[in-house]
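S.K.: Counting from 1, position 25 in the sequence shown corresponds to residue 507 in our numbering; the numbering is continuous, with no gaps.
For glycine and all other residues, C-beta sits at the position ideal for the given N, C-alpha and C.
Quick caveat, the model's predicted, so the values are computed rather than measured.
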Amino acid sequence: MNTQLTDLMNRATENLEPVTADLLERSVAQGLRQRRRRTALLTASGAGAVLATAGLIGGGIQLLGSPADAGVAGTAAPLTKPSVKSSTKTAPGSVIPKETLATLRSLLAARGLKLSKPETWGGGDFAGAAYVVDDGKGAARVDVMVSGGGEGNPCVPVRSGCTTLSDGSVLYTPPVSPEYTDGRQAQYGIVSRYVTLFRTDGRNINLTSYNAPAEKGQPHTRKNPILSAAALSDLAKSKSWKLPPVNTIKPSAKSSAKSSLKVKTK
483 MNTQLTDLMN RATENLEPVT ADLLERSVAQ GLRQRRRRTA LLTASGAGAV LATAGLIGGG
543 IQLLGSPADA GVAGTAAPLT KPSVKSSTKT APGSVIPKET LATLRSLLAA RGLKLSKPET
603 WGGGDFAGAA YVVDDGKGAA RVDVMVSGGG EGNPCVPVRS GCTTLSDGSV LYTPPVSPEY
663 TDGRQAQYGI VSRYVTLFRT DGRNINLTSY NAPAEKGQPH TRKNPILSAA ALSDLAKSKS
723 WKLPPVNTIK PSAKSSAKSS LKVKTK
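1. Since asparagine 693 contacts arginine 681 with CB under 8 Å, what's their CB separation in whole angstroms?
2. Nearest to valine 652 by CA position, among Ser715, Thr585, Asp625, Asn729, is which residue?
3. Can you tell me whether aspartate 625 is buried or exposed? The criterion is at least 16 other CB atoms within 10 Å of its CB, across all chains shown.
4. Going by DSSP in three states, aspartate 664 sits in which element: helix, strand or coil?
5. Just list the alpha helix (DSSP H) runs in the segment 651 to 736, keeping only unbroken ones of 4 residues or longer that don't cross its boundaries, in chain order.
6. I need the DSSP call for lysine 580, collapsed to helix, strand or coil.
7. Checking the sheet assignment: what are the DSSP bridge partners for serine 588?
8. Determine whether the beta carbon atoms of asparagine 688 and tyrosine 670 lie at a separation below 9 Å.
9. Lysine 619 by DSSP, collapsed to three states: which one?
10. Please say whether proline 726 and serine 629 have beta carbons closer to each other than 9 Å?
11. Nearest-angstrom Cα distance between leucine 709 and threonine 690?
12. Rounded to whole angstroms, what's the CA-CA distance from glycine 631 to glycine 618? Just pull it up for me.
13. Give the DSSP-derived three-state secondary structure of glutamate 601 in the structure shown.
14. Mind checking who cysteine 644 pairs with in its DSSP beta bridge?
15. Quick one: measure Cβ to Cβ for threonine 602 and leucine 583, integer angstroms, because I've assumed they're closer than 8 Å.
16. Using CA coordinates, which residue listed in Gly699, Leu679, Pro600 is at the minimum distance from leucine 647?
17. Using a Cβ-Cβ cutoff of less than 6 Å, which residues in the same chain neighbour threonine 585 once the five nearest sequence positions on both sides are dropped?
18. What's the C-alpha gap between aspartate 607 and asparagine 729?
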């Protein structure tokens, strides 16, 4: 019985992808954008995997322990799925994703870019928005996330790519980086560049430009991301963005040490 239970557990978890050091290292190159959105997705996926494993084990115990149940092999007891809800509260001063999308649209349209496939997420203390944009040389994704804070400052400690602005805020502009670290990079060829404008009160604006219509799973349409670092920096500095109220939750010492890390799903 122990052998059979072990086999059930192995089969239930064999396709789960562990969070490796490689993912954490790549997150330095990817920045703060969509940090909370991805964290929620990863949490939901992890909880679902645990519940699925528990269901398989429970079903196996019932099957192995009661011959009368042999006719329902593989049927686990009903499980309650975890509920992961995005923040939709609209407290006074909260940022609304549609407002973020409208700002992104106006700033990109002013550059003469054709826009399609609008996308929004978040709400409350953070909001994200994206468009597929085209300058006639290949459509590519551009996205933004505005946050009320709570993340570690990517320029503490100061690193290459950090610039302190006259108002005390810092602008972080790391180099272009690939989206994959395995054979899929050769297949899709997607690269991105991003900038983070981190204000003195902790609120931040994060913009990312790709060389493909999506951040994953679609072939690239151009050699380089559609917007340069200078263009992204100009967008981040715009006074048009509506930011959420300052988040009073301070990053822990551990999160500050990994200030610009975020785990990306592969």
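M.R.: A quick look at the data gives this:
1. Counting from 1 along the sequence shown, the entry for residue 693 is found at position 211. Counting from 1 along the sequence shown, the entry for residue 681 is found at position 199. Going by Cβ atoms, the distance from asparagine 693 to arginine 681 rounds to 29 Å, so no, they are not a contact pair.
2. Against the sequence shown, residue 652 aligns to sequence position 170. Nearest of Ser715, Thr585, Asp625, Asn729 to valine 652, Cα basis: Ser715.
3. Stepping through the sequence shown from its first residue, residue 625 is reached at position 143. It counts as buried.
4. Locating residue 664 in the sequence shown gives position 182, where the first residue counts as 1. If DSSP states are grouped into helix, strand and coil, aspartate 664 belongs with coil.
5. 666 to 670, 711 to 719
6. By one-based count along the sequence shown, residue 580 stands at place 98. Looking at lysine 580 - three-state DSSP - the assignment turns out to be helix.
7. For the purposes of this step, residue 588 is taken as the residue at position 106 of the sequence shown. Serine 588 pairs with nothing; no bridge assigned.
8. In the sequence shown, counting from the first residue as 1, residue 688 sits at position 206. In the sequence shown, counting from the first residue as 1, residue 670 sits at position 188. No, the pair does not count as a contact, with Cβ atoms beyond the cut-off.
9. The count along the sequence shown starts at 1 and reaches residue 619 at position 137. The answer is coil: DSSP assigns lysine 619 none of H, G, I, E or B.
10. For the purposes of this step, residue 629 is taken as the residue at position 147 of the sequence shown. For the purposes of this step, residue 726 is taken as the residue at position 244 of the sequence shown. Contact flag set, yes.
11. Residue numbering aside, residue 709 sits at position 227 when the sequence shown is read from its first letter. Residue numbering aside, residue 690 sits at position 208 when the sequence shown is read from its first letter. Straight-line Cα distance between these residues: approximately 9 Å.
12. By one-based count along the sequence shown, residue 631 stands at place 149. By one-based count along the sequence shown, residue 618 stands at place 136. The alpha-carbon atoms of glycine 631 and glycine 618 are separated by roughly 36 Å.
13. Here residue 601 refers to the residue found at position 119 of the sequence shown. Strand at glutamate 601.
14. On the sequence shown, position 162 is the one that residue 644 refers to. DSSP, once it has assigned bridges, lists Tyr654 as partnering cysteine 644.
15. Indexing the sequence shown from 1 puts residue 602 at position 120. Indexing the sequence shown from 1 puts residue 583 at position 101. The C-beta distance from threonine 602 to leucine 583 rounds to 5 Å, short enough to meet the 8 Å contact threshold.
16. Numbered from 1 along the sequence shown, position 165 holds the residue referred to as residue 647. The shortest C-alpha separation from leucine 647 is found at Leu679.
17. Stepping through the sequence shown from its first residue, residue 585 is reached at position 103. For threonine 585, where only same-chain residues beyond five positions count, the Cβ hits under 6 Å are Ser722, Trp723.
18. To locate residue 607, count along the sequence shown from 1; it is residue 125. To locate residue 729, count along the sequence shown from 1; it is residue 247. Cα to Cα, aspartate 607 sits roughly 7 Å from asparagine 729.
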